[in-house]
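**Student:** All residue numbers for the sequence shown refer to my numbering, where the first residue is 718 and numbers rise by one. For each residue, glycine too, the CB sits at the ideal point set by N, CA and C. Before anything else, here's the structure in question.
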Amino acid sequence: MVLADLGRKITKALQSLRDATIIDEEVLNSMLKEICKALLEADVNIRLVKQLRENVRQVIDFNEMAAGLNKRRMIQSAVFKELVKLIDPGVKAFQPVKGKPNVIMFVGLQGSGKTTTCTKLAYHYLKKNWKACLVCADTFRAGAYDQIKQNATKARIPFYGSYTEVDPVVIAQDGVDMFKKEGYEIIIVDTSGRHKQEESLFEEMLQVSNAVQPDNIIFVMDATIGQACESQAKAFKERVNVGSIIITKLDGHAKGGGALSAVAATQSPCIFIGTGEHIDDLEPFKTKPFISKLLGMGDIEGLIDKVNELNLDDNEDLLEKIKHGQFTLRDMYEQFQNVMKLGPFSQVLGMIPGFSQDFMTKGREEDTTVRLKRLMTIMDSMNDAELDNKDGAKLFTKQPGRITRIARGSGVTEKEAKDLISQYTKFAAVVKKMGGIKGLFKSGDMTKNVNPTQMARLNQQMAKMMGPAALHQMGGTAGLQNFMRQIQQGAGGLSNLGGLFGGQS
Ligand code: GDP
Ligand code: MG
């Protein structure tokens, strides 16, 4: 993804600060030059790029800066702030209210991804237990209703549309009325697009909007159109009251910079980005975490959000057990379940500092899910005694007949069942180590509470468990330690560890 390139280039430019012995005007200028070049290559508007350069320069005054001040950090934080400003309109996004109908209307050009995104958004709310539904008010494009019908049926989203009615205003009105009466909370209205900004499109858009009185109008913009985004977004904004923006097709080869900077220009916040054609390829968008992630600093906030969404009721229990160095096969099973609930692997891993976004390609991610499911199937053939045994592995070495039984029961080879046990053994050993380390679970900075030798040993063990490739991706042992600290600070407890475990291959 080209956006990741942008991130890499900016990160590299920022690193030049670290490599320089003295940070002076010259170093700053050459760094800014690199950053601006990267932004322009990513299609960010030239006016905004110039502005960014000037703003950073203004913040950094070498004469005024006290000798002891950390120039590096000041420059970095100025760049970070300016990058955030570039895509942050400073406006709060519309938040739907539970227990009442929230009508959300989609607008945008044909092919921008409206219909796809409507379904994704409805599904997003459905997953969070909102009553969500879809209304197809596109009578312009042949097959528009079928498209919604097909997508909605697959995802079990209630929908409304008509094969005979030709007036989109009537359909929109009828659909919204019906769903309102039925107590729906999120009513999404898909509208038609045209190939370009035509007067007739805007006219129709206004009529539908007047008829259904939307609480929020979402403008859908295709990231692949680059610099053209800004004028398009402005044109829509001028005609209807655009409340938020969703940028689609940020997977693939979109440069993204054009679309992202258009957001600030329209003063409407981007609320989601589309990252693929699948129904769950929709990521909530928050400016700061996005920039952090782009620069490889990780999106811990997003990760915490995701984990919180899980409602890990038994996490306390598990944490308690781990403090005592206990970890059963059932615990592992439950962790796998949590990891799978977290959703697409690459998304979760992308939030962890040190993992680049493209570390987990789609193919590998599916592999991982399949792999986890397979491991869980094997565990499904275990009995309670095996799952809950404090030292589950021993049971199997003492009585190898159990392996045969489980392999047969789950339809795998004995080798696979044995591999599972040996992976579990490695993992349980790490947990035992963690439990044995005084101070690991105390609040505060783990590195201060824990004896460094013990910490180093734990790191070594973790590193062995993960394999060299994954460790390298995490930024070596330093990255791993950082990651451990975040886990310990409550970024969802141990489901993350489960993730790493499942991710090795
Ligand atoms: P509409 O005309 O605005 O309703 O656009 P559609 O929803 O029909 O989408 C047009 C095309 O873009 C379809 O082939 C979609 O599968 C594709 N599409 C939509 N969103 C995304 C996205 O985020 N990523 C990718 N790769 N394709 C997308
Ligand atoms: Mg459509």
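(1) Given this structure, state the Cα-to-Cα distance separating P885 from V929, to the nearest angstrom.
(2) Could you give the first and the last residue of the continuous alpha helix (DSSP H) run that contains A1102?
(3) Note down, in chain order, each residue of its chain lying with its Cβ closer than 6 Å to the Cβ of L723, except the 5 sequence neighbours on either side.
(4) Among the candidates T1094, T1004, R1088, L1012, whose CA atom is the shortest distance from the CA of R1047?
(5) Going by alpha carbons, who is nearest to A821 out of A854, N1106, L757?
(6) On the criterion of 16 or more Cβ atoms from any shown chain inside 10 Å, does T965 qualify as buried, or is it exposed?
(7) Using alpha carbons as the reference points, say which of A810, E751, L765 lies closest to K1003.
(8) Let me check understanding here. Comparing Cα to Cα, which of S985, L977, R1119 lies closest to V957?
(9) If you reduce the DSSP assignment to three classes, tell me which class L734 lands in.
(10) Would you call the CB atoms of I1008 and V808 closer than 7 Å?
(11) Apart from the five residues on each side of it in sequence, which residues of its chain come closer than 7 Å, Cβ to Cβ, to D1105?
(12) I'd like to confirm something about D855: is its beta-carbon nearer than 6 Å to some heavy atom of ligand 2, or not?
(13) Here's the rule I'm using: 16 or more other beta-carbon atoms within 10 Å means buried, otherwise exposed. How should D1075 be labelled?
(14) Cβ of E1131 within 7 Å of Cβ of I1120?
(15) Tell me the residue span of the alpha helix (DSSP H) that contains F1044.
(16) Per DSSP, C987 forms a beta bridge with which residues?
(17) Identify the residues that DSSP records as bridge partners of A849: which are they?
(18) Any heavy atom of ligand 1 closer than 6 Å to the Cβ of S829?
(19) How big is the Cα-Cα spacing for L734 and V744?
(20) In three-state DSSP terms, what is N933?
(21) Say yes only if the C-beta of T834 is nearer than 6 Å to one or more non-hydrogen atoms of ligand 2, and no if none qualify.
(22) Ignore the nearest five residues each way along the sequence and tell me which others in R770's own chain have a CB closer than 6 Å to its CB.
(23) Which two residues bound the contiguous beta strand (DSSP E) that contains F823?
(24) The beta strand (DSSP E) spanning P1001 covers which residue range?
(25) Name, in chain order, the residues that DSSP records as bridge partners for M895.
(26) State the CB to CB distance for the pair N927 and G960, rounded to an integer number of angstroms; the pair is presumed to be in contact (CB under 8 Å).
(27) Using C-beta distances below 8 Å, list every residue in its chain close to Y880, excluding the 5 sequence neighbours before and after it, in chain order.
(28) What's the C-alpha gap between K798 and D736?
(29) Terminal residues of the continuous alpha helix (DSSP H) containing P1117?
(30) Do A971 and T992 have their CB atoms nearer than 7 Å?
(31) By the 10 Å Cβ neighbour count, where 16 or more other Cβ atoms means buried, how is D998 classified, buried or exposed?
(32) Are there three or more Cβ pairs, one per stretch, closer than 8 Å when the stretch 856-874 is compared with the stretch 889-899?
(33) With respect to the alpha helix (DSSP H) encompassing V766, which residues constitute its N-terminal and C-terminal limits?
(34) Quick one: what does DSSP say Y880 is sitting in, helix, strand or coil?
(35) Kindly indicate which residue of G1128, K871, A849, K954 has the alpha-carbon position closest to the one of M938.
(36) In or out: H995 buried (at least 16 other Cβ within 10 Å) or exposed?
**Tutor:** Taking the geometry as given:
(1) Distance between the alpha carbons of P885 and V929 is about 11 Å.
(2) Where A1102 is concerned, the enclosing alpha helix (DSSP H) stretches over 1101-1105.
(3) Sequence-distant Cβ neighbours of L723 in its own chain, meaning closer than 6 Å and more than five residues away, are A755, A759.
(4) When C-alpha distances from R1047 are compared across T1094, T1004, R1088, L1012, the shortest belongs to T1094.
(5) Going by the sequence as given, residue 821 is Ile instead of Ala. Minimum Cα distance to I821 is reached at A854.
(6) Buried, since its Cβ has 16 or more Cβ neighbours within 10 Å.
(7) Comparing alpha-carbon positions, the option among A810, E751, L765 lying closest to K1003 turns out to be A810.
(8) That would be S985, whose Cα lies nearest to the Cα of V957.
(9) It is helical.
(10) Going by C-beta atoms, I1008 is not nearer than 7 Å to V808.
(11) Excluding positions up to five away in sequence, the list reads T1045, R1047.
(12) With a cutoff of 6 Å, D855 counts as near ligand 2, since its C-beta is closer than that to a heavy atom of the ligand.
(13) Confidence is the limiting factor: at D1075 the pLDDT is only 41, short of 50, which leaves the residue's position unreliable and the question unanswerable from this model.
(14) Cβ distance < 7 Å, so E1131 and I1120 count as in contact.
(15) Element bounds for F1044: n/a, residue is neither H nor E.
(16) I962.
(17) For A849, which the question treats as bridged, DSSP gives the partners I903.
(18) Answer for S829: yes, Cβ within range of ligand 1.
(19) Roughly 7 Å between the two C-alpha positions.
(20) N933 falls in the strand class under three-state DSSP.
(21) Result no, Cβ not under 6 Å from ligand 2.
(22) So the list reads L749, C753, once near-sequence residues are dropped.
(23) Run containing F823: 819-824, per the beta strand (DSSP E) assignment.
(24) Taken as a continuous stretch (DSSP letters only), the beta strand (DSSP E) holding P1001 covers 999-1001.
(25) The partner list for M895 (beta bridge, DSSP) is empty, contrary to what the question assumes.
(26) 16 Å between Cβ atoms; not a contact.
(27) The residues are Y862.
(28) Whole-angstrom Cα-Cα distance: 22 Å.
(29) For P1117, there is no enclosing alpha helix (DSSP H), as DSSP marks it with neither H nor E.
(30) Result no, Cβ atoms of A971 and T992 do not sit closer than 7 Å.
(31) Answer is buried; the Cβ neighbour count reaches 16.
(32) At 8 Å Cβ cutoff, the stretches do not touch.
(33) The continuous alpha helix (DSSP H) containing V766 extends over residues 763-776.
(34) DSSP places Y880 outside both helix and strand once states are collapsed to three, so it counts as coil.
(35) In this structure, K954 is the residue among G1128, K871, A849, K954 with its C-alpha nearest to the C-alpha of M938.
(36) Exposed is the call here.
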